[in-house]
Amino acid sequence: MVNVEIDARILEDKKFNTQVENIITETREARRNVQIGGAQLKSSPVIRLMDEGNLSLSFILSEFPKIANKESRLPRGQRDVVANIVFEAARRVVFLNQQERARKATEKANEKAAGNDI
């Protein structure tokens, strides 16, 4: 696992929990789609998390600090899955925030330009 620091403000952003839940939903849907196709799935860390009922927002949010502090009792593969979900959610939040700032800057520039045209 790569050592990456996450700004605490990202974890507190309202969008963060939504993004974690979106990733969990995407993961479950991917598994369901494979099963519908009749494919046999090999066991993997993400499948074990699902089967154990640990692929949930509350579990991920409670387990990630333990992983960061090297106190988690999860196997390495499952720790990596949890960390990757958190990092991907954080990446998505940063991207969404950048898009929002760019949109606001564009709107402000357009308003300023419209005001100069009068």
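Numbers in the working numbering are just positions in the sequence shown, counted from 1, shifted up by 5. From the three backbone atoms N, C-alpha and C, an ideal C-beta is built for every residue, glycine too.
Check	Outcome
Residue range of the unbroken alpha helix (DSSP H) whose run includes Gln24	Lys19 to Ile41
Beta-carbon contacts of Ile29 that lie in its chain and below 6 Å, excluding the five residues immediately before and after	Leu60
Rounded separation between Thr111 and Ala118 - CA only	10 Å
Glu105 versus Glu34, Lys20 and Lys47, residue with shortest Cα-Cα distance	Lys20
Proximity below 7 Å, CB of Ala95 to CB of Ile15	yes
Residue from Asn115, Val98 and Ile65 with nearest C-alpha to Asp12	Val98
Euclidean distance between Cα positions of Gly58 and Asn102	31 Å
Beta-carbon gap between Val87 and Phe100 smaller than 7 Å	no
Backbone CA spacing between Asn5 and Lys113 [nearest angstrom]	Outside the shown range of the chain, which is 6 to 123, sits residue 5, and nothing can be said about it.
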